[in-house]
Amino acid sequence: MTAVQQLITHLRTNGSQQNASELAAQFGVSERLVGLAMANMAREAAVQRDRPEPSRAVLSLVRAWNWVLAKPAESLLLLALLGGLMLIFGGLFPVFAGVNIGRWAVLSAIFLVPCLQFLVLLFAGNVRLVLIGAASDLVYTVVGLGFSSGFFKDLRVVVAFCFGWLFIYLLISTLVTVTGSFWRMKREARAIASMSRQEMLDRLLEIRTILEQTTSVAATQSRNRALQWMERNAVWLALALSLVMGTCMSWVFVQIDPGRKMLTMQSSSRATIPGVSTGVLVAAMLISIIQNVSNFALGLLSPRFRKTVLIVLMYILGHEIATLLPTAYLTYADMPRIGIGRYVMGWASFIVLITMGGMARQVYEFARSKARSRANDPDALMEEMFELELRLTPTANEVTVLAVDVAGSTEMKRGADPLVAEWSFREYQNWVEKTCAEFGGKVHATAGDGAFVGFGEPASAMDAATALLDRLEQFNNKVNRLAQPFVLRIGLHKGDVQGNLTDVQFTRVIDVAAHVESLAPRGGVAVTESVAQLLTGFEFQKSAATTDGHAVYSLVRPEVPASGADA
5 MTAVQQLITH LRTNGSQQNA SELAAQFGVS ERLVGLAMAN MAREAAVQRD RPEPSRAVLS
65 LVRAWNWVLA KPAESLLLLA LLGGLMLIFG GLFPVFAGVN IGRWAVLSAI FLVPCLQFLV
125 LLFAGNVRLV LIGAASDLVY TVVGLGFSSG FFKDLRVVVA FCFGWLFIYL LISTLVTVTG
185 SFWRMKREAR AIASMSRQEM LDRLLEIRTI LEQTTSVAAT QSRNRALQWM ERNAVWLALA
245 LSLVMGTCMS WVFVQIDPGR KMLTMQSSSR ATIPGVSTGV LVAAMLISII QNVSNFALGL
305 LSPRFRKTVL IVLMYILGHE IATLLPTAYL TYADMPRIGI GRYVMGWASF IVLITMGGMA
365 RQVYEFARSK ARSRANDPDA LMEEMFELEL RLTPTANEVT VLAVDVAGST EMKRGADPLV
425 AEWSFREYQN WVEKTCAEFG GKVHATAGDG AFVGFGEPAS AMDAATALLD RLEQFNNKVN
485 RLAQPFVLRI GLHKGDVQGN LTDVQFTRVI DVAAHVESLA PRGGVAVTES VAQLLTGFEF
545 QKSAATTDGH AVYSLVRPEV PASGADA
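Written out as structure tokens, the structure is:
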């Protein structure tokens, strides 16, 4: 170890608050060098000490958000309580301290609190929480608005408001929750798809152990035949349902507006058409709800995105056919008066609801599969095991592995500067990788001073091996900074690999190549018989040794003996 390295080790062990002159005399270096080293040590300590820490406000927000994610139901109820208090305050104190703060309190309670609840539902991704949020939102809205003057004077207004607000909240919260659930499902699916090979092996062996210990096979629950029929015929069911709902909506609108006055009136006056009975209005609202619910339910019948698209297209087709019937309230002739934008909005609602239903179905199937696996359901475990084995053992690929190692590397490093040895061996690894890459090779694994390089064919691997030996002298003269030169042993073997050689590092073809390399002479190449038979233009000499049932041949090079003792 050099004097500088000893000084650095001493400072790191004992600290930098020492006498520079004494240290200079002790380690035989200049006092200026000691001062620089002590200054660098002090600077590193200051950086570690002065590293900014999160403020209390940031930490409080992080803890609050973690609590929200851990207790989403309680968070929804607390937000509802906050919204109710804001509405009550706005109703009792419309003007507070000379400022019309009541209006802002009411607006925040009506719009901000639901948005915060939607955010909780988005990250929670639990459909069951939708009912909690809807019920709490409705209660605090009605109670809070009860303190506003005139809200309870007309019961029809209260019922209409509650009905409309609840419907809008359920619609938005369902869409938000399904989106959050789908996002979480995709994230978990990506995590499963990116499992390392070791993780897949762990899970595969775990499943095999569970199945071996299972004494009875759980009976698979048979699905409802009616549901199976609807899933098979979901596309045609969408067409029929669209025709029925379109006809019903046309009938309702004809009852509400027999003279078709709504098509010519301004949007602000369409809600004040005289002569409309309460029963017809209730029927219109119920049919609208049924239509939206049926759209979502149609999506639930589709476990695949492609089928969801077909359902959407068929539903739009049925809707358009309904406009051509004699009983249709709205026809293509009315499109210029209502505007193409409003017409397309109807399509958009179909697309969004059916697509969300399809996403919810995928989330359900994913969660159901995970639940069955956690419950050690034999059928689910067999399916998971089958998928893992397919990923672990894809189509076999034939590769030729070049195993290269430095002969006598321990002696090279003995007595050498550790940093010089590290630099030289790092340059050696880079040189091996660059040289092999010229012939189509890729380093798939390294072990100590050795490396395993994969090639598509034996000829490329042999060309790379001879190039390494031919260029080694130049590397030793111009790059290597150690006193002793690099001397290589190289072994070649070909075989089948199930998957990517980088992932399958413990395959037999690598083991055999490593054993062949150990039998190669210093500065030479050894190959198995299967490799030697495929190479032309090279002279080989059969070795007396064998490995793993393979005969070993040494490459005959003019400057290197065909066989030799290891040093």
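When you read off a place in the sequence shown, starting at 1, and then add 4, the result is the number in this note's numbering.
All residues carry an ideal CB built from backbone N, CA and C; glycine is no exception.
Residue i and residue j closer than 8 Å at C-beta
i, j, result
"Ala28", "Glu35", "yes"
"Val256", "Ala288", "yes"
"Asp500", "Glu402", "yes"
"Met249", "Ser306", "no"
"Leu65", "Val38", "no"
"Gly458", "Val405", "yes"
"Leu492", "Leu473", "yes"
"Val110", "Leu83", "no"
"Ala138", "Leu170", "yes"
"Ile358", "Ile293", "no"
"Met360", "Leu179", "yes"
"Leu304", "Arg365", "yes"
"Ala352", "Ser246", "no"
"Gln545", "Val560", "yes"
"Ala471", "Phe443", "yes"
"Thr532", "Ala555", "yes"
"Asp552", "Val513", "no"
"Phe115", "Ser177", "no"
"Leu385", "Ile214", "yes"
Residue i beta carbon near the ligand MG (any heavy atom closer than 7 Å)
i, result
"Glu387", "Judged by which ligands are present, the structure shown has none, so any question about the ligand MG falls away."
Residues bridged to residue i [DSSP beta-bridge criterion]
i, result
"Arg493", "Asp409 and Gly528"
"Thr450", "Ala455"
"Leu559", "Phe544"
"Asn70", "Beta-bridge pairing links Asn70 to no other residue."
"Val403", "Gly499"
"Thr551", "His554"
Secondary structure of residue i, DSSP reduced to three states
i, result
"Arg308", "coil"
"Pro278", "Since pLDDT at Pro278 reaches only 49, below the 50 mark, its modelled position is unreliable, and the value read off the structure follows with that caveat. If DSSP states are grouped into helix, strand and coil, Pro278 belongs with coil."
"Gly303", "helix"
"Asp141", "helix"
"Ser273", "With a pLDDT of only 42 at Ser273, under the threshold of 50, the placement of this residue in the model should not be trusted; the figure read from the coordinates follows. Helix at Ser273."
"Ala379", "coil"
"Asp500", "strand"
"Ala46", "helix"
"Asn18", "helix"
"Val564", "Residue placement at Val564 cannot be trusted, given a pLDDT of 48 that sits under 50; what the coordinates show is reported in the next sentence. Residue state, collapsed to three classes: strand."
"Leu329", "coil"
"Arg418", "coil"
"Gly444", "coil"
"Ser254", "helix"
"Ala131", "The amino acid occupying residue 131 in the given sequence is Val; Ala does not appear at that position. It is coil, neither helix nor strand."
"Ser3", "A query on residue 3 cannot be resolved here, the shown segment of the chain reaching from 5 to 571 and no further."
"Ser79", "helix"
"Ser373", "helix"
"Ser34", "coil"
"Leu539", "coil"
Span of the alpha helix (DSSP H) around residue i
i, result
"Leu123", "Val117 to Ala128"
"Gln433", "Pro422 to Ala441"
"Leu476", "Pro462 to Lys482"
"Ser534", "Glu533 to Ala536"
"Ala24", "Ala24 to Phe31"
"Ser112", "No alpha helix (DSSP H) contains Ser112, which DSSP labels as neither H nor E."
"Gln488", "Taken as a continuous stretch (DSSP letters only), Gln488 belongs to no alpha helix (DSSP H), as it is neither H nor E."
"Met204", "Arg201 to Gln217"
"Val520", "Arg512 to Ser522"
"Leu231", "Arg229 to Arg236"
Residue i at chain B interface by Cβ criterion, 8 Å
i, result
"Phe459", "Going by chain labels, chain B is absent from the structure shown, which holds only one protein chain."
The region 68–85 / the region 127–134 touching (three or more Cβ pairs under 8 Å): Yes: the two stretches touch, three or more of their Cβ pairs being nearer than 8 Å.
Contact between the region 165–184 and the region 133–147 (3+ Cβ pairs under 8 Å): Counting Cβ pairs under 8 Å, three or more are found: they touch.
The region 361–379 / the region 189–204 touching (three or more Cβ pairs under 8 Å): A contact exists between the region 361–379 and the region 189–204.
Given 8 Å, three or more beta-carbon pairs between the region 517–534 and the region 425–441: Not touching, per the Cβ criterion.
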